[in-house]
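So the structure is just underneath, and the comments pick up after that.
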Amino acid sequence: MSFDTTGADNQSGDALENLLTENRHFEPSAEFAANAIVQAGEYAKANADRPAFWAEKSRELLSWSKPFTKSLDWSNPPFATWFEDGEINAAYNALDRHVEAGNGDRVAIHFEGEPGDTRTYTYAQLTEEVKKAANAFESLGLAKGDRVAVYLPMIPEAVITLLACARIGAIHSVVFGGFSADALRSRIDDAEAKLVVTADGTFRRGKPSSLKPAVDEALANPGHSVTNVVVVKRNGEDVNWVEGRDVWWDDTVGTASAEHTAVGHASEHPLFILYTSGTTGKPKGILHTTGGYLTQAAYTHRAVFDLHPETDVFWCTADVGWVTGHSYVTYAPLINGATQVMYEGTPDSPHQGRFWEIVEKYKVSILYTAPTAIRTFMKWGEDIPAKYDLSSIRLLGSVGEPINPEAWMWYRRVIGGNNAPIVDTWWQTETGAIMIAPLPGVTSTKPGSAQVPMPGIAVDVVDELGASVPHGHGGYLVIREPWPSMLRGIWGDNDRYKDTYWSRFDGMYFAGDGAKWDEDGDVWLLGRVDDVMNVSGHRLSTTEIESALVSHPSVAEAAVVGAADETTGQAVVAFVILRGSAVEDADIVTTLRNHVGREIGPIAKPKTILVVPELPKTRSGKIMRRLLKDVAEGREVGDSSTLADNTVMNQIAASLKA
Ligand code: WT7
Numbered sequence: 000m001s002f003d004t005t006g007a008d009n010q011s012g013d014a015l016e017n018l019l020t021e022n023r024h025f026e027p028s029a030e031f032a033a034n035a036i037v038q039a040g041e042y043a044k045a046n047a048d049r050p051a052f053w054a055e056k057s058r059e060l061l062s063w064s065k066p067f068t069k070s071l072d073w074s075n076p077p078f079a080t081w082f083e084d085g086e087i088n089a090a091y092n093a094l095d096r097h098v099e100a101g102n103g104d105r106v107a108i109h110f111e112g113e114p115g116d117t118r119t120y121t122y123a124q125l126t127e128e129v130k131k132a133a134n135a136f137e138s139l140g141l142a143k144g145d146r147v148a149v150y151l152p153m154i155p156e157a158v159i160t161l162l163a164c165a166r167i168g169a170i171h172s173v174v175f176g177g178f179s180a181d182a183l184r185s186r187i188d189d190a191e192a193k194l195v196v197t198a199d200g201t202f203r204r205g206k207p208s209s210l211k212p213a214v215d216e217a218l219a220n221p222g223h224s225v226t227n228v229v230v231v232k233r234n235g236e237d238v239n240w241v242e243g244r245d246v247w248w249d250d251t252v253g254t255a256s257a258e259h260t261a262v263g264h265a266s267e268h269p270l271f272i273l274y275t276s277g278t279t280g281k282p283k284g285i286l287h288t289t290g291g292y293l294t295q296a297a298y299t300h301r302a303v304f305d306l307h308p309e310t311d312v313f314w315c316t317a318d319v320g321w322v323t324g325h326s327y328v329t330y331a332p333l334i335n336g337a338t339q340v341m342y343e344g345t346p347d348s349p350h351q352g353r354f355w356e357i358v359e360k361y362k363v364s365i366l367y368t369a370p371t372a373i374r375t376f377m378k379w380g381e382d383i384p385a386k387y388d389l390s391s392i393r394l395l396g397s398v399g400e401p402i403n404p405e406a407w408m409w410y411r412r413v414i415g416g417n418n419a420p421i422v423d424t425w426w427q428t429e430t431g432a433i434m435i436a437p438l439p440g441v442t443s444t445k446p447g448s449a450q451v452p453m454p455g456i457a458v459d460v461v462d463e464l465g466a467s468v469p470h471g472h473g474g475y476l477v478i479r480e481p482w483p484s485m486l487r488g489i490w491g492d493n494d495r496y497k498d499t500y501w502s503r504f505d506g507m508y509f510a511g512d513g514a515k516w517d518e519d520g521d522v523w524l525l526g527r528v529d530d531v532m533n534v535s536g537h538r539l540s541t542t543e544i545e546s547a548l549v550s551h552p553s554v555a556e557a558a559v560v561g562a563a564d565e566t567t568g569q570a571v572v573a574f575v576i577l578r579g580s581a582v583e584d585a586d587i588v589t590t591l592r593n594h595v596g597r598e599i600g601p602i603a604k605p606k607t608i609l610v611v612p613e614l615p616k617t618r619s620g621k622i623m624r625r626l627l628k629d630v631a632e633g634r635e636v637g638d639s640s641t642l643a644d645n646t647v648m649n650q651i652a653a654s655l656k657a
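Residue numbering for the sequence shown follows numbering that gives the first Met the number 0, starting at 0 and increasing by one per position.
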């Protein structure tokens with residue numbers, strides 16, 4: 000792994016100075032504090048004995064079919080087990096038990112489709128659908144431990160599929176619908192998925208957008224592991240059909256029995272794999288297991304969002320293709336018996352007030368979204384949300400990237416009526432659940448900072464050598480002790496798991512983020528310190544996009560950087576050297592952007608591609624992305640004295656002026 004600090008430049012220099020002088024604080028109102036689910040005493044209690052604290056939370060929040068007697072086992076680091084001798088069924092916890100407790104009529108999901116169609120599922124109805132899906136998948140030969148690739152839009156069938164897999168002990172692997180056929184194929188192959196669940200397609204900005212063709216393309220070559228493809232009819236587009244392999248959701252799930260008994264699975268039974276970009280080309284299959292993951296997901300959802308399940312309406316806007324859509328759409332809200340909103344489309348369709356219309360319609364009380372969306376709303380203007388009744392909102396969450404203080408203040412004032420606490424939540428695909436966030440009834444919140452480790456979570460900021468840095472100083476974010484929802488490994492690659500996360504600092508989990516303690520002891524996240532970019536809260540690897548570019552016959556070499564972008568946080572900027580035979584014109588830029596879209600997915604398309612004669616390299620041949628970032632962000636180029644050829648930056652500047 001390289002330790003180029005390019006990523007940390009995200010909020011460096013002046014911005015960092017501002018961060019450190021932030022002195023605005025917002026105390027929770029007396030009323031909010033008095034009714035808060037979690038009170039201040041939680042920290043001391045949790046940190047006195049973390050494994051005991053998590054065991055207590057697990058017993059309180061979950062129903063174990065076989066109670067555990069052990070909490071954490073860390074005798075073989077970095078491989079942890081939690082609640083190892085217990086047995087639990089995730090779907091039973093999310094569904095059946097609420098029905099058994101007499102809450103079957105409570106709404107679980109208010110679904111709002113992109114064209115405006117709606118569906119409501121009560122807990123009783125959702126339980127029935129999941130039982131049918133579990134029976135249907137079993138009838139297709141799916142068994143405990145088998146892998147299921149899920150390539151679906153944000154529709155209730157996504158949640159139903161995930162919970163049906165969990166119910167029978169099959170391991171889901173969701174592939175975001177915005178990823179290409181190639182990306183889907185490599186994920187299907189890596190996990191050796193037996194079943195694929197997809198849809199004909201979805202809708203994007205009023206138009207049909209297809210999914211099934213990508214599945215067909217991913218499975219075009221023989222030798223793959225997939226025996227069946229279950230297809231949800233969503234947008235009604237014609238689809239290609241492979242007899243014997245493809246089955247309609249309605250014909251299998253729709254006709255299946257609604258009787259299905261959930262049995263407990265071992266606490267450490269794998270629940271899901273979710274692929275995420277790392278510093279090398281190949282995405283990592285992050286593995287999560289059951290008991291610990293559910294415990295921390297459920298606890299953090301209650302504590303950070305102050306969830307009162309009888310009265311709150313929760314809306315997490317994340318797609319199920321990302322970890323946020325796993326932990327805070329599929330699992331935690333249902334485990335906690337909440338009512339939630341699920342929305343298929345984008346914020347600007349059919350108009351820029353769509354989110355606020357949904358908040359008003361369903362009386363959303365807790366909204367959880369990403370800074371990139373907030374910055375977009377700011378750009379559109381506050382007169383748009385002003386047209387809607389947002390008075391139901393009592394808490395706002397942020398996730399995915401650092402939220403700049405200005406966006407934080409806007410969010411609080413315009414959406415939160417100057418009153419709703421804001422919880423900025425730091426976590427990762429790997430951490431499974433929230434790790435750093437204020438407790439809204441306890442913490443005095445501070446614009447731009449994720450602030451405090453959750454009760455029971457041991458976060459630290461350390462220097463190059465792994466020593467804790469004092470308040471007022473920056474370094475690398477680490478986690479010093481295992482936590483319940485931590486990843487259990489990388490699918491099929493234990494060595495990569497150890498190398499990536501546990502080898503940089505002895506005995507500590509290294510997150511890949513730069514961070515700083517301020518003078519009050521609050522944590523500020525400063526962006527990635529590795530070759531991972533964050534575009535609109537989506538993780539992209541510079542290396543992966545470089546590989547995609549170089550796989551095009553016109554490209555000789557490529558270097559990619561994440562350049563600061565007002566709306567998306569970072570934007571992908573690519574520098575390419577063309578092969579002698581290729582012609583440099585506007586077409587080549589379009590061709591290369593589309594090529595990346597095909598190789599990885601539309602979200603990875605570079606915003607800018609600059610054709611250059613050379614790339615800046617050190618004597619050992621490492622590309623100095625820091626210098627390219629200076630160019631991409633329009634700054635004066637920094638120290639280039641370690642370049643093998645220090646005329647290169649002048650050549651690049653001259654070629655870009657030409
Ligand atoms: C990376 C993880 C957590 C679910 C969505 C992203 C960045 C995430 C914050 C935040 C600053 C944040 C980090 C992290 N990140 N939340 N509140 N403040 N940075 O999950 O795709 O695994 O990405 O997102 O850089 O390492 P992910």
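Glycine included, C-beta positions come from ideal geometry on N, C-alpha and C.
With burial defined as no fewer than 16 other Cβ atoms inside 10 Å of the residue's Cβ, what is the status of residue i: buried or exposed?
i: ASN493; result: exposed
i: ASP505; result: exposed
i: TRP516; result: buried
i: LEU591; result: buried
i: GLU16; result: Because the pLDDT at GLU16 is just 44, under 50, the model does not fix this residue reliably, and the point stays unresolved.
i: SER649; result: Strictly speaking, residue 649 in this sequence is Asn, with Ser absent from that position. Looking at its Cβ environment, which holds fewer than 16 other Cβ atoms inside 10 Å, ASN649 is exposed.
i: ALA406; result: buried
i: PRO76; result: exposed
i: GLY633; result: exposed
i: PRO601; result: exposed
i: GLN38; result: exposed
i: HIS551; result: buried
i: ALA165; result: buried
i: TRP355; result: buried
i: TRP53; result: buried
i: PRO66; result: exposed
i: ALA198; result: buried
i: HIS350; result: exposed
i: ALA653; result: exposed
For the ligand WT7, is there a heavy atom less than 7 Å away from the beta-carbon of residue i?
i: LEU61; result: no
i: THR275; result: yes
Pull up the CB-CB distance for residue i and residue j, whole angstroms please, since I reckon it's below 8 Å.
i: HIS223; j: LEU486; result: HIS223 to LEU486, Cβ: 26 Å. No contact.
i: VAL231; j: ILE154; result: 7 Å
i: ALA180; j: ALA135; result: The pair is not a contact, with the Cβ atoms about 25 Å apart (cut-off 8 Å).
i: VAL322; j: LEU389; result: Rounded, the Cβ-Cβ distance is 27 Å, inconsistent with contact.
i: ASP629; j: VAL636; result: 5 Å
i: LEU626; j: SER639; result: 6 Å
i: ALA449; j: ALA436; result: 6 Å
i: ASN88; j: SER57; result: So it is not a contact: roughly 14 Å between Cβ atoms.
Please determine whether the Cβ atom of residue i lies at a distance below 7 Å from any heavy atom of the ligand FAD.
i: LEU627; result: The ligand FAD is absent from the structure shown, which contains only the ligand WT7.
field: Residues surrounding the ligand WT7 [beta-carbon distance to nearest heavy atom under 7 Å]
entry: THR275, TRP321, VAL322, THR323, SER397, VAL398, GLY399, GLU400, PRO401, ILE402, ASP423, THR424, TRP425, TRP426, GLN427, THR428, GLU429, ALA449, ALA510, GLY511, ASP512, LEU524, GLY526, ARG527, ASN533, GLY536, HIS537, ARG538
query: In chain order, which beta strand (DSSP E) runs of at least 3 residues are fully inside the segment 347-404?
result: 365-368, 394-398
Alpha helix (DSSP H) runs contained entirely in the segment 197-233, provided each spans 4 or more residues: 211-217
- prompt: Curious, which full-length alpha helix (DSSP H) runs of at least 4 residues does the segment 20-54 contain?
  reply: 29-34, 40-47
message: Report the start-end ranges of each beta strand (DSSP E) in the segment 413-450 that is 3 residues or longer and not cut off at the edges.
response: 421-424
message: My parser needs the beta strand (DSSP E) runs of 3 or more residues fully inside the segment 94-164; what are they?
response: 106-111, 117-121, 146-150
message: To test your reading of the DSSP string, which unbroken beta strand (DSSP E) runs of 3 or more residues are found completely within the segment 549-630?
response: 554-564, 568-577, 607-610
- prompt: Hey, which unbroken runs of the alpha helix (DSSP H) at 4 residues or more fall wholly within the segment 453-505?
  reply: 493-501
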